[in-house]
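Shown next, in C-alpha cells, is the structure this report addresses.
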Amino acid sequence: MIVSIPSSGPTVDSQMDDRFGRAPYFAFFDTETGSSRIEANPHAGGSGGVGPMAVQFLVKNDVKVLIAPRLGGNADGALKASGITIIMQNPDVTVEAAYSAWKKNSENSS
Amino acid sequence: MQIVIASGKGGTGKTTVASNLGFVLSLKQKITLADCDVEEPNLGIFFPCSPECRDIHVIIPQVLEDQCLHCGACGEFCRFGALTVLKDKVLFFPQLCHSCGGCFRVCPAEALEKVPALVGEVQTCHLTDSLTLVTGRLKEGDVRTTAVIGAVREQVKDEPVVIIDAPPGTACPFIETVDDALLCVLVTEPTPFGLHDLSVAVDVLQVLKVPVAVVINRSDGNDSIIEGYCSEHSLPILMKIPLDFTLLKKQNAGFLISREDPEWSLRFSELGDKILAHARGDV
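These protein sequences, in sequence, are chains A and L.
Take the first sequence: its position 11, counted from the start at 1, is 11 in this note's numbering, and no numbers get skipped.
Take the second sequence: its position 127, counted from the start at 1, is 127 in this note's numbering, and no numbers get skipped.
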C-alpha cells in the first residue's frame with residue numbers, strides 16, 4: 001500500500017509541507033517493501049485548481065492513504081471521491097516522523 | 001471606438017468619470033456606456049431604467065461515464081484542474097472551468113458532451129436617443145467574469161463611440177476589458193497607493209500596446225507624486241478633480257454632477273474633447 005505525504009523538500013527528513021496542492025514535493029512510502037521515494041509536485045506552481053490536480057497525481061501513483069495538513073474544498077471533495085483515506089496531521093514534523101507515527105498507530109489499532 | 005476608463009486601484013473614481021463623460025458626450029453625439037465591472041456594476045445607479053436582459057452562457061463539459069475510458073487525457077490537459085480523472089470516474093469542478101474547449105479536443109472517446117452553463121446577463125437600456133447603457137452582470141457566486149465582459153464588448157463593438165467602465169485591478173477581468181481599446185484613461189489619486197496601482201496598470205497597458213492618459217481625482221493641490229510619474233513616462237494628465245465634499249455629497253446621493261452643475265458639465269465636456277482627440281491620435 002502506498003502512503004503519501006506533502007513535503008517541503010526533496011528528502012524524507014524534510015519538514016512536512018503545510019499545503020496540499022501547492023506542496024513542492026510528495027513523499028511516497030510503500031508499506032509492504034518499506035521503501036520510500038520523493039517526487040516533485042508537477043502542479044505546485046499552477047495558476048489554480050491545483051488541489052484536484054494533486055489528487056489526480058496521487059491516484060496515478062496508486063496512493064491509498066494521504067497524511068496531510070489542511071485541505072482546500074476542491075481537494076477534499078476529490079480525495080473523498082477517489083477513496084483515498086485522509087489522515088490529518090499537524091505539519092510541524094518531518095515527513096519521515098509523520099509516516100512513522102502513522103505506521104505505529106495503524107499497527108497498534110490493527 | 002472603444003475608450004476604457006480604468007484605475008488599477010479600486011475606488012478612485014472610474015464610475016464618476018465614465019458616467020459624467022458618457023452623459024456629457026451624449027449631448028452632442030451617439031454614445032454607448034458599457035459597464036464591464038461585472039462583479040459589481042454600478043453605472044446604472046446614475047441612470048435608472050428597466051433594462052432588456054440577455055442571458056450569457058459558457059460551454060462546459062459533461063462526462064458521459066458509460067463512454068469514458070478513464071484514460072486521463074482530459075485531466076492531464078486541463079491546466080485549471082477542472083477535470084480530475086480517477087480510476088473509475090471523472091470529477092468536474094465547474095467553478096474551475098475556463099471553457100477553453102480543450103478537453104473536447106483531447107478526449108479520444110467522445111465521452112464529453114458540450115452543455116451550456118449560465119454565468120450572467122447583459123442588460124441594455126436605451127436611456128435617450130443618443131445614450132445607451134450596456135451592463136454586464138455576473139451571476140452571484142460565479143467567478144467566470146471574462147465570459148460576461150467578452151459578451152458586453154461583443155455587443156458594443158460596432159457602436160461609434162463606447163465609453164467603458166472597467167473593473168478594478170489589473171488581472172484577467174481588466175485585460176479582457178481593455179485589450180484592443182483605442183485609449184485607456186486611468187483615474188488615480190495623489191497617494192502612494194494611487195501611484196503604485198497606477199504604475200502597475202501602466203505596465204500592463206504597455207504590454208497590451210494600449211495608449212494611456214491620466215485623470216487625477218481627489219486632487220488636494222499637491223499632486224506632485226502623480227505628476228512626477230506621468231512626466232517621467234510621458235503620460236498626459238487630462239483633468240484634475242478636486243477633493244470637494246460638496247461634490248462628493250451630491251455624487252453619493254446618486255446625482256450626476258455634470259447634469260446638476262453647468263460648470264462640471266463644461267469640465268467633462270472639455271475632458272471628452274481631449275479624450276476623443278487622443279483616441280483618434282490627433283494629439
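Here a beta-carbon is modelled for each residue, glycine too, at the ideal position from N, C-alpha and C.
Just so you know, these numbers come straight off a predicted model, no measurement behind them.
- Rounded to whole angstroms, residue 86 of chain A and residue 107 of chain L show a C-alpha spacing of 30 Å.
- Comparing alpha carbon positions, the residue from L/191, L/193, L/196 and L/157 closest to residue 177 of chain L is L/157.
- Within the stretch 24-56 of chain A, the residues whose Cβ lies closer than 8 Å to any Cβ of chain L are, in chain order, 43, 46, 47, 48, 49, 50, 51, 52, 53, 55 and 56.
- Below 8 Å, too few C-beta pairs join the stretch 1-19 of chain L and the stretch 96-104 of chain A to call them touching: fewer than three.
- Taking C-beta atoms as the reference points, residue 246 of chain L and residue 217 of chain L fail to come closer than 9 Å.
- Note that the C-beta distance between residue 119 of chain L and residue 32 of chain L is not below 9 Å.
- Taking 9 Å as the Cβ-Cβ cut-off, the stretch 66-85 of chain L approaches chain A at 72, 75, 76, 78, 79, 80, 81, 82, 83, 84 and 85, given in chain order.
- Going by C-alpha positions, residue 104 of chain A is about 12 Å away from residue 31 of chain A.
- A residue is called buried when at least 16 other Cβ atoms come within 10 angstroms of its Cβ; residue 126 of chain L does not meet this threshold and is exposed.
- Here DSSP, grouped into helix, strand and coil, assigns residue 130 of chain L to coil.
- Shown here, residue 205 of chain L sits in a helix according to DSSP, grouped into three states.
- Between the stretch 66-82 of chain A and the stretch 141-150 of chain L, the count of Cβ pairs shorter than 8 Å is below three; the stretches do not touch.
- Under the three-state reduction of DSSP, residue 175 of chain L is assigned to helix.
- For residue 162 of chain L against residue 29 of chain L, the beta-carbon gap comes to about 12 Å, at or over 8 Å, which does not count as contact.
- With a 10 Å radius around the Cβ and a threshold of 16 neighbouring Cβ atoms, residue 74 of chain A comes out buried.
- At a Cβ-Cβ threshold of 9 Å, residue 66 of chain A and residue 3 of chain A count as neighbours.
- Secondary structure at residue 188 of chain L: strand, using DSSP grouped into helix, strand and coil.
- With respect to the 9 Å criterion, residue 167 of chain L and residue 37 of chain L are classified as neighbours on the basis of their beta carbons.
- Taking the CA atoms as reference points, residue 110 of chain L sits about 26 Å from residue 83 of chain A.
- Note on the stretch 235-282 of chain L: whole alpha helix (DSSP H) runs with a minimum of 4 residues are 245-252, 257-260 and 262-280, in chain order.
- Secondary structure note for residue 24 of chain L: its alpha helix (DSSP H) is the uninterrupted segment 14-25.
- Against chain L, a Cβ distance below 7 Å from residue 82 of chain A picks out 86.
- Chain-order list of chain A residues neighbouring residue 91 of chain L: 52, 77, 78 and 81, by C-beta distance under 8 Å.
- For residue 112 of chain L, no CB of chain A lies under 9 Å from its own CB, so it is not counted at the interface with that chain.
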